[in-house]
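*Asks:* In the numbering used here, the protein residues as written are 301 to 373. Below are the structure tokens for one structure; questions will follow.
Quick look at the structure:
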């Protein structure tokens with residue numbers, strides 16, 4: 301059950317990264333790369349289809365994609 305939940309979360313992130321890629325190409329490209337998806341999305345309708353990630357594929361880690369927001373700074 302945990303593996304399925306993590307796959308669904310990663311797949312949702314892949315789709316969000318695809319949708320936001322035109323607005324934030326560097327960050328979303330890095331997100332897609334870390335998930336193992338193509339950094340440059342395929343034709344838009346195809347790239348939004350569920351199941352674009354290979355189940356069980358490793359996810360790359362790295363520095364945070366966005367800095368932590370501190371309202372006191």
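Positions of the beta carbon are idealized from the N, C-alpha and C atoms, including for glycine.
Would you call the CB atoms of residue 309 and residue 335 closer than 7 Å?
*Replies:* In the chain shown, counting from the first residue as 1, residue 309 sits at position 9. In the chain shown, counting from the first residue as 1, residue 335 sits at position 35. No, the pair does not count as a contact, with Cβ atoms beyond the cut-off.
*Asks:* Among 365, 373, 345, 338, which residue has its Cα nearest to the Cα of residue 354?
*Replies:* By 1-based counting over the chain shown, the position of residue 354 is 54. It is 338.
*Asks:* Have a look at residue 361 and residue 352 and give me their C-alpha separation to the nearest angstrom.
*Replies:* For the purposes of this step, residue 361 is taken as residue 61 along the chain shown, with counting starting at 1. For the purposes of this step, residue 352 is taken as residue 52 along the chain shown, with counting starting at 1. Rounded to the nearest angstrom, the two C-alpha atoms are 19 Å apart.
*Asks:* Compute the beta-carbon to beta-carbon distance between residue 318 and residue 365, rounded to the nearest angstrom, for a pair I have assumed lies under 8 Å.
*Replies:* For the purposes of this step, residue 318 is identified with residue 18 of the chain shown, where counting begins at 1. For the purposes of this step, residue 365 is identified with residue 65 of the chain shown, where counting begins at 1. Incorrect: roughly 15 Å between the Cβ atoms, too far for contact.
*Asks:* Let me know if residue 332 comes out buried or exposed under the rule of 16 or more other beta-carbons within 10 Å of its beta-carbon.
*Replies:* Within the chain shown, residue 332 is the residue found at index 32, counting from 1. By the neighbour-count rule (16 or more Cβ atoms within 10 Å), residue 332 is buried.
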